[in-house]
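Report on one structure; see the data block that follows.
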Amino acid sequence: MAYHNITVEIADYVALIRLNRPDALNALNSALLAELATALTEADANDKVRCIVITGSEKAFAAGADIKEMSEKSFVDVYGEDMFADSTDTILRIRKPIIAAVSGYALGGGAELAMACDFIICAENAKFGQPEINLGVIPGIGGTQRLTRFVGKSKAMEMTLTGRFMDAEEAERSGLVSRVVPTAKLLSEVMAVARKIAEKSQMAVLAGKEAVNRSYETTLREGLQFERRLFHALFATEDQKEGMAAFLEKREPQFRDR
Ligand code: CAA
870 MAYHNITVEI ADYVALIRLN RPDALNALNS ALLAELATAL TEADANDKVR
920 CIVITGSEKA FAAGADIKEM SEKSFVDVYG EDMFADSTDT ILRIRKPIIA
970 AVSGYALGGG AELAMACDFI ICAENAKFGQ PEINLGVIPG IGGTQRLTRF
1020 VGKSKAMEMT LTGRFMDAEE AERSGLVSRV VPTAKLLSEV MAVARKIAEK
1070 SQMAVLAGKE AVNRSYETTL REGLQFERRL FHALFATEDQ KEGMAAFLEK
1120 REPQFRDR
């Protein structure tokens, strides 16, 4: 499919999806969100993809939902179409790992998109925020729920109610991002992480993602049981035999996703 608002490159079993509306700081309009949903779904189904990276430009990962597109809509419009439901729910159905590589602004829907990925690595110039309060609304793609889980109630509440931005250092300290890297090296660092994930047994990677995500949806007791059952299930794979044999034989494992 030809994309107009994103670009997609696949190399070394990693799909790199770049948000590409530079004139609007990658604001998430409906066309971009639809293309992103299609690209993610295609990457998930593509045997040549084992990990997905979403990034933007150096100045902006994404500066939020597209305010121009939304500004004239009525309650009936947005409730009627259930704005943002379809396109953003797609990401939850993707089974392969998705890394957000954030440089510059990740605001509103941009921060929410990054948080919907499996983890975030950001550049030193990153700025995260939920400034919807300045527009007379609140976050609508998961900000109040996911930011609170990432950074706790106090910071999430302050950011939601004041619109203040969080810089990269605070984002790392607060657990919003897994790490911060020099701005010029963001993509090379993230692609190296993605390639490392792509080398693992895909069965184990899918199970690991599923188990970590389950921790957000269930009780500790249920989550521990779910994790243990998946752990047990991986003993049915050839990759478990290969991984453990390779360790004992002091060699690199050759995983075959079986
Ligand atoms: N929607 C539409 N257009 C946007 C945009 C957005 N969210 N953010 C930036 N743009 C556009 C600007 O309108 C401008 O376009 P023009 O040149 O045509 O005027 C262009 O991108 C460049 O932006 P600025 O001139 O404002 O750049 P700056 O460097 O001075 O400021 C900024 C950068 C601080 C990110 C500022 O653009 C800004 O505050 N953007 C809006 C951030 C925001 O409020 N995001 C939340 C959106 S609502 C939302 O996301 C709801 C939800 O939860 C689902």
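Going by this note's numbering, the letters in the sequence shown line up with residues 870 to 1127, in that order. No residue lacks a Cβ here, since even glycine has one placed at the ideal position from N, Cα and C. Computed from a prediction, not measured in an experiment: that's the story for all the values here.
Would the segment 1056-1074 count as touching the segment 880-897 if we require 3 or more Cβ pairs under 8 Å? Counting Cβ pairs under 8 Å, three or more are found: they touch.
Go through its chain and collect everything with a Cβ distance to Asn898's Cβ below 6 Å, but skip five positions before and after it. These residues qualify, in order along the chain: Asp935, Glu938.
Return yes when the C-beta of Tyr974 is under 6 Å from any heavy atom of the ligand CAA, and no when it is not. The beta carbon of Tyr974 sits closer than 6 Å to at least one heavy atom of the ligand CAA.
Nonlocal neighbours in the same chain, by C-beta distance under 7 Å from Glu1041, ignoring five residues either side: The beta carbon of Glu1041 lies closer than 7 Å to those of Arg1048, Val1049 in the same chain, with the five residues before and after it left out.
Same chain only: Cβ atoms within 7 Å of Lys1024, ignoring 5 sequence neighbours per side: The answer, listed in chain order, is Ser1043.
C-alpha distance - Pro1051 paired with Ser940, whole-angstrom precision: Separation of Pro1051 and Ser940 (C-alpha to C-alpha, rounded to the nearest whole angstrom) is 36 Å.
From the DSSP output, read off the bridge partner residues of Lys996. Bridge pairing for Lys996: Tyr974, Asp1036 [DSSP].
Could you check whether the Cβ of Lys1024 sits closer than 6 Å to any heavy atom belonging to the ligand CAA? Annotation for Lys1024 indicates a beta carbon at 6 Å or more from all heavy atoms of the ligand CAA.
Lys1078 and Pro966 closer than 7 Å at C-beta: It is a contact, given that the beta carbons lie within the stated cut-off.
By the 10 Å Cβ neighbour count, where 16 or more other Cβ atoms means buried, how is Leu961 classified, buried or exposed? Result: exposed.
Specify the secondary structure class of Ile1010 as computed by DSSP and reduced to three states. Here DSSP, grouped into helix, strand and coil, assigns Ile1010 to coil.
What is the DSSP secondary structure of Leu1045, counted as helix, strand or coil? The answer is coil: DSSP assigns Leu1045 none of H, G, I, E or B.
On the DSSP letters alone, give me the boundaries of the alpha helix (DSSP H) that Phe930 sits inside. Unbroken run through Phe930 is the beta strand (DSSP E), 929-931; no alpha helix (DSSP H).
Can Gly979 and Ile1010 be called in contact, C-beta distance under 7 Å? No. Outside cutoff.
At a cut-off of 6 Å, would you count Leu894 as near the ligand CAA, judging by its Cβ distance to the nearest heavy atom? Yes, the beta carbon of Leu894 sits closer than 6 Å to at least one heavy atom of the ligand CAA.
Going by other Cβ atoms of all chains shown within 10 Å of its Cβ, with 16 needed for buried, is Leu871 buried or exposed? Looking at the sequence itself, residue 871 is Ala, so the reference to Leu does not match. Exposed, by the Cβ-count rule.
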